[in-house]
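Heads up: the structure comes next, in structure tokens.
Chains as they are written, first to last, in the numbering used here: chain A, 177 to 483; chain B, 188 to 304.
Below, the structure written as structure tokens:
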């Protein structure tokens, strides 16, 4: 397929399909994330990149036969490797015998949260998640360093604004529907953020959904308008503040006499401490993810307006 | 039954499709799409390992005694969001390469590099 637009659309559909795989395999939290990321934000970013780099593929495939040979040999070896693996869905596979029973049996007494995924993510494996949040933050900085656009000169900006105005004046139905939808999307993001302890959801999904609402606004009303609503400096500060909040909770637990990210010492009662700690660090994750997604989108599409 | 391993075969097939795209296509955007397919196959691998027959999603509730393994879910949930962040970084690099070379096809970038030497 030579048209990159179609390629991006197909990859979006693939993202949605894999989200439904995850539901079928009982991983609701993962499916939630994949639906909002794989089908939503990923295809959006790729589309923006395609508008910047040209829509069609020009070059011939190089050495497809050699590539096929490599792929078939690797695939054959991998399939040979799977012959020793436990069968799909078997309950006595080694993976289910090690730490999982402890999470399933004890997490209710230790953290008081019904959603095991959230308690493992935020409490048992808090270090891991901290690392992931820092990686996301670093990627945001990387995109800023690569694509950052300076302020445009006055007359250029006025022209661009008026073009936007004319362009967006026409889509009346789209604009009104967006205006009605955005508050609900934001509200839903907050629900996902704070209800993640009990049902599927949490900081990662909420951050992505929150960013999606702002990106929708920017797409329909134009980037200059969106920049007036969401200040760039504020977003950059927010992305750092999320990481700071996460690390700060860790430092506070250390000052209270526990280990880094040991929430038991945050309040008198260990379970209440766990609740507070998980709520705070999920908030940190949500802030960072939302801010980084908005930064990435603004810089990509800001690049396009400058061309 | 050897057919009980079919989940791994689906994963291997998807992974190899992704690998083929990365090797054989010269367009950088297509390479990134190939990488995301490869990445998704790894996600499916982890989640299919976590699945337990006739078990429920790992959210504790009355009357349910079997849950699927929550640990791979946690790992993949964070990996998806990290994945999109790194994909964005890759796309940003592709955009900058396009600005510097006027193309995102591997061969024309290569030939421009050779001319300068």
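Each residue gets a CB set at the ideal place from its N, CA and C atoms; glycine is no exception.
From which residue to which residue does the alpha helix (DSSP H) around residue 234(A) run? Taken as a continuous stretch (DSSP letters only), residue 234(A) belongs to no alpha helix (DSSP H), as it is neither H nor E.
Cβ-based burial, residue 407(A) [other Cβ within 10 Å; buried from 16]: exposed
Should residue 296(A) be flagged as near chain B, meaning a C-beta pair shorter than 9 angstroms? yes
DSSP state of residue 300(B), grouped into three classes? helix
Going along the chain, which residues of its own chain have a beta-carbon closer than 8 angstroms to the beta-carbon of residue 278(B), five neighbours each way excluded? 216 and 219
For the alpha helix (DSSP H) holding residue 352(A), just list the boundary residues, first then last. 348–371
Return no unless some Cβ of chain B is closer than 9 angstroms to the Cβ of residue 238(A). yes
Looking at residue 201(B) and residue 227(B), is the spacing between their C-beta atoms short of 9 angstroms? yes
Please go through the same chain and pick out, in chain order, the residues whose beta-carbon is closer than 7 angstroms to the beta-carbon of residue 287(B), but skip the five residues on each side of it. none
Excluding the five sequence neighbours on either side, which residues of its own chain have a C-beta within less than 7 angstroms of the C-beta of residue 273(A), listed in chain order? none
Residues of the segment 250–274 of chain B with Cβ closer than 9 angstroms to any Cβ of chain A, in chain order: 253, 254, 255, 256, 257, 258, 259, 260, 261, 262, 263, 264, 265, 266, 267, 268, 269, 270, 271, 272, 273 and 274
Starting from the beta carbon of residue 292(A), find every residue of chain B whose beta carbon is closer than 8 angstroms, and list them in chain order. 245, 246, 247, 254 and 257
For my contact list, residue 292(A) and residue 247(B) are in at a C-beta cut-off of 8 angstroms; report their separation, rounded to the angstrom. 7 angstroms
When you compare the CB positions of residue 357(A) and residue 399(A), do they come within less than 9 angstroms of one another, or not? no
Burial state of residue 260(B) (16 or more Cβ within 10 Å): buried
Can you name the residues of chain B whose CB is closer than 9 angstroms to the CB of residue 180(A)? 214, 216, 217 and 220
In its own chain, which residues sit with a C-beta less than 8 angstroms from the C-beta of residue 189(A), not counting the 5 before and 5 after it? 215
Please state the DSSP three-state secondary structure of residue 327(B). A query on residue 327(B) cannot be resolved here, the shown segment of chain B reaching from 188 to 304 and no further.
Check whether residue 466(A) and residue 417(A) have beta carbons under 9 angstroms apart: no
Examine the ligand SAM and report whether any of its heavy atoms sits within less than 8 angstroms of the Cβ of residue 231(B). Annotation note on the ligand SAM: not contained in the displayed structure, which lists no ligands.
Residue 211(A) and residue 272(B) closer than 9 angstroms at C-beta: no
If we cut at 9 angstroms on Cβ distances, does residue 389(A) have a partner in chain B? no
Apply the 10 Å Cβ neighbour rule to residue 474(A) and answer buried if 16 or more other Cβ atoms are within range, or exposed otherwise. buried
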